[in-house]
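Novice:
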Amino acid sequence: MNAKKLQIFQFPCRDDNYGVILRDRETGTTISIDAPETDAIDDVLESKGLKLTHILTTHHHGDHVAGNEALKAKYGCEIIGPKDEEAKIPGIDKAVAHGDTFEIDGHAISVIGTPGHTLGQIAYYFPDQGAAFCADALFALGCGRIFEGTPQMMFTALSRLQALPDETMVYAGHEYTLANAKFALSVDPNNQQLIDRAREIELLRDDGKPTLPTTMQLEKQTNPFLRASDPAIRAVLDMADASDLEVFTEIRSRKDRF
Ligand code: ZN
Ligand code: FE
Numbered sequence: 006m007n008a009k010k011l012q013i014f015q016f017p018c019r020d021d022n023y024g025v026i027l028r029d030r031e032t033g034t035t036i037s038i039d040a041p042e043t044d045a046i047d048d049v050l051e052s053k054g055l056k057l058t059h060i061l062t063t064h065h066h067g068d069h070v071a072g073n074e075a076l077k078a079k080y081g082c083e084i085i086g087p088k089d090e091e092a093k094i095p096g097i098d099k100a101v102a103h104g105d106t107f108e109i110d111g112h113a114i115s116v117i118g119t120p121g122h123t124l125g126q127i128a129y130y131f132p133d134q135g136a137a138f139c140a141d142a143l144f145a146l147g148c149g150r151i152f153e154g155t156p157q158m159m160f161t162a163l164s165r166l167q168a169l170p171d172e173t174m175v176y177a178g179h180e181y182t183l184a185n186a187k188f189a190l191s192v193d194p195n196n197q198q199l200i201d202r203a204r205e206i207e208l209l210r211d212d213g214k215p216t217l218p219t220t221m222q223l224e225k226q227t228n229p230f231l232r233a234s235d236p237a238i239r240a241v242l243d244m245a246d247a248s249d250l251e252v253f254t255e256i257r258s259r260k261d262r263f
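Residue numbers for the sequence shown follow the numbering used here, beginning at 6 and rising by one.
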């Protein structure tokens, strides 16, 4: 076991994606969470003098795997990805699924199945780092669009993530937070924490700063997709007696039309 802290670098790429690189300063192990594009990732690696050893792929969408093959050709890195999308992940060497735990250079990693956005999406949780990489399942103040799965799948996925410790640092695949905040306020308009957070997000984005990572606690307090049981949201939706899944499904469909 190797519980020492990894350095974590987050950087914007493509239109609104984030790249994330984790590095063990002593051993040189360098892990990219997804590979949205080759050049932006390679620029970070080159500028820090890093050699990429692993890519952890979350799902098959192009804006998460576009750099897999070129980065593997250059660095010979190992690519780990979701078993349920194995055939769609370029360059995959090793497939993992919900409930698996594995180690890279002694750093523990748990795989959390988060289908819904795609059928096989997974998140990677590093318990010793207190960090979860949730790609397009859980965003700051939002959740992924349901392209391939069902609302039930996404609801279950978010429930699994929500079970992580409150202090978990949550990294996500996209900077969608400003738009998510506007929607969140439409279903949870009297949540003072949300109102305050939305203001902070505006200021951060005005300065061109990232709103991620977030924490699980903050999401539980302000992200409507984790708050289907909240009486105030239910009142706004006129769904006081509905199930949590029904409320979640309604929130997701309102967001799709927002
Ligand atoms: Zn995606
Ligand atoms: Fe994406």
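Glycine is no exception: its CB is placed at the ideal position from the N, C-alpha and C atoms.
Would the beta-carbon of Gly67 fall within 8 Å of that of Asp89?
Specialist: Taking 8 Å as the Cβ cut-off, Gly67 and Asp89 do not qualify as a contacting pair.
Novice: Write down every uninterrupted run of the beta strand (DSSP E) in the segment 46 to 106 whose length is 3 residues or greater and which is fully enclosed by it, in chain order.
Specialist: With a minimum length of 3 residues, the continuous beta strand (DSSP E) runs that stay inside the segment 46 to 106 are 59 to 61, 83 to 87, 99 to 101.
Novice: Look at the alpha carbon of Leu76 and the alpha carbon of Gly213, and state the distance between them as a whole number of angstroms.
Specialist: If I take the Cα positions, the gap works out to 28 Å.
Novice: Excluding five sequence neighbours on each side, which residues of the same chain lie with their C-beta closer than 7 Å to the C-beta of Asn185?
Specialist: So the qualifying residues of the chain are Phe144, Ala145, Leu146, Gly147.
Novice: Using a threshold of 7 Å, is the CB atom of His65 nearer than that to any non-hydrogen atom of ligand 2?
Specialist: His65 Cβ: outside cutoff for every heavy atom of ligand 2.
Novice: Just verifying my parser: in three-state terms, what is the DSSP assignment at Leu231?
Specialist: DSSP places Leu231 in helix when its eight states are reduced to three.
Novice: Of the residues Ser191, Arg204, Thr182, Asp246, which one's Cα is nearest the Cα of Pro218?
Specialist: When only C-alpha atoms are compared, the closest one is Thr182.
Novice: Taking Ala142 and Thr161 to be in contact with their CB atoms under 8 Å, please state how far apart those CB atoms are, rounded to whole angstroms.
Specialist: Incorrect: roughly 11 Å between the Cβ atoms, too far for contact.
Novice: Under 8 Å, do Pro132 and Arg257 count as touching if we go by C-beta distance?
Specialist: No; because the gap between Cβ atoms is not below 8 Å, this pair is not in contact.
Novice: Among Cys139, Leu231, Ser164, whose alpha-carbon lies nearest the alpha-carbon of Tyr23?
Specialist: Here the closest residue by C-alpha is Cys139.
Novice: Here's the rule: buried if 16 or more other CB atoms are within 10 angstroms of the residue's CB, otherwise exposed. What is Asp98?
Specialist: It counts as exposed.
Novice: Just to confirm, does Asp68 get its C-beta within under 7 Å of one of the non-hydrogen atoms of ligand 2?
Specialist: Flag set: Cβ of Asp68 near ligand 2.
Novice: Can you give me the Cβ contacts of Val175 inside the same chain, cut-off strictly under 7 Å, excluding the 5 residues immediately before and after it?
Specialist: The answer, listed in chain order, is Ala137, Cys139, Leu143, Pro218, Thr219, Thr220, Met221, Glu224.
Novice: Measure the alpha-carbon distance for Arg202 versus Ala78 and round it to whole angstroms.
Specialist: Going from the Cα of Arg202 to the Cα of Ala78 covers about 42 Å.
Novice: With a threshold of 16 other CB atoms inside 10 Å of the CB of Glu1, please say whether the residue is buried or exposed.
Specialist: What is shown of the chain runs 6 to 263, which leaves residue 1 out entirely.
Novice: Buried or exposed for Thr106, going by 16 or more other Cβ atoms inside 10 Å?
Specialist: Thr106 comes out exposed.
Novice: Among residues of its own chain, excluding the 5 on either side of Asn228, which ones have a beta-carbon nearer than 6 Å to its beta-carbon?
Specialist: These residues qualify, in order along the chain: Leu146.
Novice: What three-state label does DSSP hand Arg28 in the structure shown?
Specialist: Arg28 falls in the strand class under three-state DSSP.
Novice: Would you mind listing the beta strand (DSSP E) stretches within the segment 190 to 262 that are 3+ residues and don't spill past its ends, in chain order?
Specialist: Within the segment 190 to 262, no complete beta strand (DSSP E) run reaches 3 residues.
Novice: Can you list, in chain order, the residues of its chain with a C-beta nearer than 6 Å to that of Ser234? Leave out the 5 residues immediately preceding and following it.
Specialist: Asp249.
Novice: For Lys53, count neighbouring C-beta atoms within 10 Å of its own C-beta (all shown protein chains included) and say buried if the count is 16 or more, exposed if not.
Specialist: Its Cβ having fewer than 16 others within 10 Å, Lys53 is exposed.
Novice: Taking Thr58 and Val70 to be in contact with their CB atoms under 8 Å, please state how far apart those CB atoms are, rounded to whole angstroms.
Specialist: Incorrect: roughly 18 Å between the Cβ atoms, too far for contact.
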